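Notes follow the structure.
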Amino acid sequence: MIYPDKNVIVSEVEHLVEKYGFGRENLLPILQEVQRKFGFISDFAMQEIAHRLDIHPVEVYGVVTFYSFLSTEPKGKYVIRLCKTISCDIAGKDAIARTLERELGLKFGETSADRKFSLEFCHCIGMCDQGPAMLINDQVFTKLTPSKVIEIIENIK
Ligand code: FES
2 MIYPDKNVIV
12 SEVEHLVEKY
22 GFGRENLLPI
32 LQEVQRKFGF
42 ISDFAMQEIA
52 HRLDIHPVEV
62 YGVVTFYSFL
72 STEPKGKYVI
82 RLCKTISCDI
92 AGKDAIARTL
102 ERELGLKFGE
112 TSADRKFSLE
122 FCHCIGMCDQ
132 GPAMLINDQV
142 FTKLTPSKVI
152 EIIENIK
């Protein structure tokens, strides 16, 4: 996890605004890149983006807090998102959730002290016929069982 100083954020935002352009329609791709690079979008980064795009910081904050894949807080190296939508729920999401909590020693919504893991629920990820499903960063895992989850977590620990 990178904890950027303000100069690094200023030059990164400047670079991204040059890359995407000044229009407010470029807000989301700029935010996605900041999220990818730093692991979260700090208050300062939101203010800097707002300043560069000439929009109100509240608008930037509204977008960051609307999308679950954007975050105002530092996340773990591995962000685990378990689908909580109905098909996965019926397919056994609760048992998977309990297994994840036990294996990671975390509750949903928490990040481990060493910033290795964040555990979250998410909405449907389009794998409804193969639930329960989860994402670890950008990788999709389907047809989960408690033993499969234990194996997946062991492999990345
Ligand atoms: S309901 Fe879980 S992936 Fe669609």
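Note that the sequence shown covers residues 2 to 158 in the numbering used here. Even glycine gets a Cβ: it sits at the ideal position worked out from N, Cα and C. Note that the structure is a prediction, hence the values are computed from the model and not measured.
Using a Cβ-Cβ distance cut-off of 8 Å, the stretch 48-65 and the stretch 89-106 are not in contact, since fewer than three pairs of beta carbons, one from each stretch, lie closer than that value. In this structure, PHE118 places its C-beta atom within 8 Å of the C-beta atom of GLY77. The alpha-carbon of GLY106 is positioned some 15 Å away from that of PRO147. In the structure shown, the three-state DSSP call for GLU26 is helix. Under DSSP, the beta-bridge partners assigned to PHE142 are MET135. If you look at GLU104, you'll find it in the alpha helix (DSSP H) that goes 94-105.
With distances taken between CA atoms, LYS38 lies nearest to SER72 out of TYR62, SER72, ALA98 and GLU60. Under DSSP, VAL80 forms a beta bridge with SER119. Shortest gap from the CB of ILE87 to any heavy atom of the ligand FES: under 7 Å.
A Cβ-Cβ separation of about 18 Å leaves LYS108 out of contact with PRO133 under the 8 Å criterion.
One Cα belongs to VAL18, the other to ILE31, and the distance between them is close to 7 Å. Counting only residues of its own chain and dropping the five nearest sequence neighbours on each side, PRO5 has a CB closer than 6 Å to the CB of PHE39. A direct Cα-to-Cα measurement between GLY24 and GLU34 gives close to 16 Å. A Cβ-Cβ distance of about 6 Å is found for the pair TYR79 and ILE157, placing them in contact under the 8 Å criterion.
A distance below 8 Å separates the beta carbons of ILE97 and LEU145.
8 Å or more divides the Cβ of PHE122 from the Cβ of LYS149.
Scanning its chain for C-beta atoms nearer than 7 Å, with the 5 sequence neighbours on each side dropped, one finds around VAL11 the residues GLU49, in chain order.
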